[in-house]
Amino acid sequence: MTLTRFTLPRRAWHLALHAAVAVATAGCAGDRLAALGDRIVARIAESGAEVVGVYFKDLVTGDSLSIAADVRVHAASMMKVPVMIQLFRDHEAGLSSLDDSLTITKTFESIVDGSPYELGAPDDSDTTLYRRVGQRESVRRLSELMITVSSNLATNMLIEHVGADRVTATMRELGADSIEVLRGVEDTEAYRAGLSNTTTARDLGVIFTAIAEGRAVRGVSGRQMIEILLRQEFNTKIPAGLPPGARAAHKTGWIPDYVSHDGGIVYLDGGDVYVLVVLTEGGEGHDDYAEELIADISRMVYDVVRSSAQPRPTSSAASTKTLLATSDHPMRRRLRGWTPSSPKMRAANAVGTTAAAASAGTSLPTARARAMAMVTALSTGARCTARLGPVAFFARAMMARTVIVPSEKTTDQTTNATRVSRRPAPPASATGIIVLESATEARSSPIRVFS
């Protein structure tokens, strides 16, 4: 049954929250996440919010927590993220270009009967475009305004450009099976007809996870989307619960005294990466407490992630050896410019992810997804530490502009000790070697990573 604020009184809703807490973990984090869920539910109960949906996923460990995450709510401006994904996908596919330009207009047609309606500057969070009606602006710039300052005018122009039905279809492809992007903003006739954009915390969690792992849009365009989200100018919700140095690639949503949302990807110093979505609905006075509630939930999640950071769960059958060719090891540097679509990255994925998966005792898709999440974290400036196991080491190697070659392994017949051959010799430009090796399988082949 779908729970909404229209079907449950407040007390019944708060009781239902306890039954709507779900924890998924591959390790020993279940008790910790369950306790986090209890604390969040208690905070929601005292807040006065009528409906709250929460979705959290650690992109390094795969652990997740959801609280009423399948409750459908008004999407507000959260639907602008799917629109951005469609725009960047079309650009990568060559269907259109982000450098194309559109004529700025404030007049649009209702999806109900085609009747015209206009957007007004007083009701928009950005007014710059209204002074330029009749001029042209690039799709790239409109996308930036749609996300960073939540421009409704830019949003409506871009939805007309790509088509709302195509946006929803792409979200289904990414695994978001509930979100509905039907229309632009301020379509009063559609609202009266019950046609509004809706979503769930889980669907937005799936979408942000796909962005973080490079599945929503691949290549340089995927990184550019994250950079736009990092430039978000409204930072009084999830970012307010984070310490200095943490970065949130996120999007907010707000309808006065009704809806207050925030969701995105959080990058912590040290390589932790997680997705957090908090959606809230309420009545009169909702604005007074919603932002503080979301910030508090963000702080709770951060505290749990950080408190469990030493050590992070890894396979007991896996060990990691790091051999430094020089003191300037690539894992100690913060490097930029490495893209998932580059030839070296493709080679790394083809050879190294398989070896990392075997070494970490996990599946290839999981290893690949976690590695890509680590690449994204490192490209935003997170510091490297040696605590996340083989998959994370491999991801860091990819960030260090690496090529990967097979490593030879021999057995010393006298000592019966396994040795890693130094042949072939590292190229002159090498700054480090990483060896990933199973501690339980003497015959497993490690990999060597040369910068």
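Just so you know, the sequence shown maps onto residues 1 to 451 in my numbering.
No residue lacks a Cβ here, since even glycine has one placed at the ideal position from N, Cα and C.
Item: Stretch-stretch touch, CB-based, cutoff 8 Å, three pairs: the segment 230–237 with the segment 131–150; Value: yes
Item: Helix, strand or coil at Lys237 [DSSP, three-state]; Value: coil
Item: Residues near Met78 by beta carbon distance below 7 Å, same chain, minus five either side; Value: Thr199, Leu204, Lys251, Gly253, His261, Gly263
Item: Nonlocal neighbours in the same chain, by C-beta distance under 7 Å from Ala76, ignoring five residues either side; Value: Gly253, Trp254, Ile255, Val259, His261
Item: Contact check, Ile226 vs Ala249, beta carbons under 8 Å; Value: yes
Item: Within 8 Å, strictly: CB atoms of Arg136 and Ile104; Value: yes
Item: Distance CB(Ala42)-CB(Ser110) smaller than 8 Å; Value: no
Item: Beta-carbon proximity check, Ile67 vs Gly37, cutoff 8 Å; Value: yes
Item: Glu46 and Glu281 closer than 8 Å at C-beta; Value: no
Item: Proximity to Ala216 [Cα-Cα], best of Ile44, Leu87, Asp58; Value: Leu87
Item: Inter-residue spacing [alpha-carbon to alpha-carbon] between Asp70 and Arg202; Value: 6 Å
Item: Uninterrupted beta strand (DSSP E) stretches inside the segment 246–291 (no shorter than 3 residues); Value: 247–255, 259–267, 273–281
Item: Residue closest to Arg183, alpha-carbon to alpha-carbon, out of Gly222, Lys80, Arg72; Value: Lys80
Item: Three-state secondary structure (DSSP) of Val181; Value: coil
Item: Cβ-Cβ separation, Val275 to Lys57 (assumed contact under 8 Å), whole Å; Value: 5 Å
Item: Same chain, Cβ closer than 8 Å to Asp123, five either side skipped, listed in chain order; Value: Asn152, Glu186
Item: Beta-bridge pairing of Val21 - partner residues as DSSP gives them; Value: Ile67
Item: Exposure label - Leu95; buried when at least 16 CB within 10 Å; Value: exposed
Item: Bridge partner(s) assigned by DSSP for Glu118; Value: Thr107
Item: Per-residue DSSP class, three states only, for Glu50; Value: coil
Item: Per-residue DSSP class, three states only, for Asp58; Value: strand
Item: Asp63 classed as buried or exposed, judged by whether at least 16 other C-beta atoms fall within 10 angstroms; Value: buried
Item: Residue from Asp165, Phe208, His161 whose Cα sits closest to the Cα of Arg223; Value: Phe208
Item: Identity of the residue in Pro116, Asp100, Ile211 nearest Ala176 by Cα; Value: Ile211
Item: First through last residue of the beta strand (DSSP E) which encompasses Ser138; Value: 136–138
Item: Residue from Gly163, Thr127, His74 whose Cα sits closest to the Cα of Asp257; Value: His74
Item: Endpoints, the alpha helix (DSSP H) within which Met171 is located; Value: 164–173
Item: Selected residue, minimal CA-CA separation from Asp100, among His161, Gly30, Gly134, Tyr55; Value: His161
Item: Extent of the continuous alpha helix (DSSP H) run through Glu189; Value: 188–192
Item: Under the three-state DSSP convention, the category Leu242 falls into; Value: coil
Item: Sub-8 Å separation of Val181 and Val301 beta-carbons; Value: no
Item: Counted within 10 angstroms of its Cβ, other Cβ atoms place Val167 as buried (16 or more) or exposed; Value: buried
Item: Reduced DSSP category for Val73 - H, G, I as helix; E, B as strand; rest coil; Value: strand
Item: Per DSSP, cross-strand counterpart(s) of Ser101; Value: Ser138
Item: Start-to-end residues for the alpha helix (DSSP H) that takes in Glu213; Value: Segment: none, Glu213 is in no alpha helix (DSSP H) and carries neither H nor E.
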